[in-house]
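In this note's numbering, the protein residues as written are 7 to 352.
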Ligand code: MRU
């Protein structure tokens, strides 16, 4: 089935190389980085060339293919031993998104089936992870849209779109499907300091698909809601714990508290690869802290008073009680009345 509003694809495997749309350069330049080494994949994830939990997982899966290909060319009998450290380093490139570990474990579970050249089996698995992610997004788009009433005005945060996934997006997947179904009339996006994923990426990809979008600074969210301009907040996630607590881009928790105060519904959209049943609650999630420079500067220019320090956590935890719906490809959970294991996850 073809979908409307579905043109952006950030990750491509082409001519035995990994092609990544460099998200640091968007929206002004569309530059593709071509990667051939797993160490380059680790750097690309650390440096935000590719970001967003599912996109990080898919990229890492292709990273394992590159590592195995290069190691097998030099050490055909014990190539696995030569890629262990690189995979370990890749697994730590960004700590909050569970999709990274999930994808690496899934790729490594294939190693026992390999006899000889590893590339075909591993590439098949990486492509499957990639396609399953896109299919999950289509499904979540449908399920999330069913929850929406007519004439919704929605607010989203960061970029949980095609750029953050294999394609179509999680939160933006629901927004694409809801817009196609005529249920969404307005899309607001937080600009999302310090990396401006909202202003640079969400606005760009929605406009690529001709979906109108209005940007606002995070500080305007309370007024948007108080002025009755928002009916639903729709966001993605980097990790959801067994009790339904949600790790997502810093600022998400504040939006959830505001939404509750103003009678606005709060929907989290994430594939089951984002659910971590090994963690009981959000207190156990490692929150990535990034460099002070990201806050003190803008586009390489100092914007803060010289000498000021900065606190730069990349994510926060929204307690399950503030979340009305978690939409996954396997079904919808209302965290206040049930835990994630109703989806049959282990
Ligand atoms: O720091 P980023 O840009 O990787 O943060 C991304 C987010 O917080 C997204 O909302 C999340 O990964 C979900 S992506 C479908």
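C-beta: ideal position from N, C-alpha, C; glycine also.
Asked, Found
"In terms of residues, what are the limits of the alpha helix (DSSP H) holding residue 260?", "258 to 268"
"Do residue 162 and residue 195 have their C-beta atoms closer together than 7 Å?", "yes"
"Residue 108 by DSSP, collapsed to three states: which one?", "helix"
"Roughly how far, in whole angstroms, is the beta-carbon of residue 72 from the beta-carbon of residue 93, given that I think they are within contact range, below 8 Å?", "Actually they are not in contact, since the Cβ atoms of residue 72 and residue 93 sit about 11 Å apart, beyond 8 Å."
"Taking the beta carbon of residue 230 as the centre, do at least 16 other beta carbons fall within 10 Å, making it buried, or is it exposed?", "buried"
"Touch check for the region 210 to 221 and the region 236 to 245: three-plus C-beta pairs under 8 Å?", "no"
"Nearest CA to the CA of residue 27: which residue from 55, 154, 11?", "55"
"So residue 113 packs on residue 67, CB below 8 Å; how close in whole Å?", "5 Å"
"Taking all protein chains shown into account, do 16 or more other C-beta atoms lie within 10 angstroms of the C-beta of residue 134, making it buried, or fewer, making it exposed?", "exposed"
"Assign residue 209 to one of two classes, buried (16 or more other C-beta atoms within 10 Å of its C-beta) or exposed (fewer than that).", "buried"
"What residues in its chain sit with their C-beta under 7 Å from that of residue 23, if we drop five residues either side in the sequence?", "40, 41, 42"
"Considering only heavy atoms of the ligand MRU, does any lie closer than 6 Å to the CB of residue 255?", "yes"
"Quick one: any contact between the region 293 to 305 and the region 316 to 336, if contact means 3 or more CB pairs under 8 Å?", "yes"
"Considering only DSSP beta bridges, list what residue 159 is partnered with.", "192"
"Quickly, what does DSSP pair residue 253 with across the bridge? List them, please.", "245, 323"
"Residue 165 to residue 224, Cα distance in whole Å?", "14 Å"
"Taking the alpha-carbon positions, what's the residue 238 to residue 313 distance?", "40 Å"
"Is residue 19 helix, strand or coil when you go by DSSP?", "strand"
"Check this for me: beta carbons of residue 180 and residue 147, under 7 Å apart or not?", "yes"
"Give a yes or no on whether the C-beta atoms belonging to residue 331 and residue 266 are separated by under 7 Å.", "no"
"For the region 117 to 136 and the region 148 to 157, state whether three or more C-beta atom pairs, one from each stretch, are separated by less than 8 Å.", "no"
"Taking residue 271 as part of the alpha helix (DSSP H), name the residues at either end of that continuous run.", "It is not in any alpha helix (DSSP H) - residue 271 instead sits in the beta strand (DSSP E) that spans 271 to 275."
"Taking residue 279 as the reference, give the member of 82, 334, 182, 342 with the closest Cα.", "334"
"Taking the alpha-carbon positions, what's the residue 89 to residue 125 distance?", "14 Å"
"In the DSSP assignment, the beta strand (DSSP E) including residue 117 goes from what residue to what residue?", "Premise fails: residue 117 is in no beta strand (DSSP E) and is neither H nor E."
"In or out: residue 189 buried (at least 16 other Cβ within 10 Å) or exposed?", "buried"
"Is the closest heavy atom of the ligand MRU to the C-beta of residue 58 under 6 Å?", "yes"
"What residue does the alpha helix (DSSP H) around residue 88 start on, and which one ends it?", "85 to 97"
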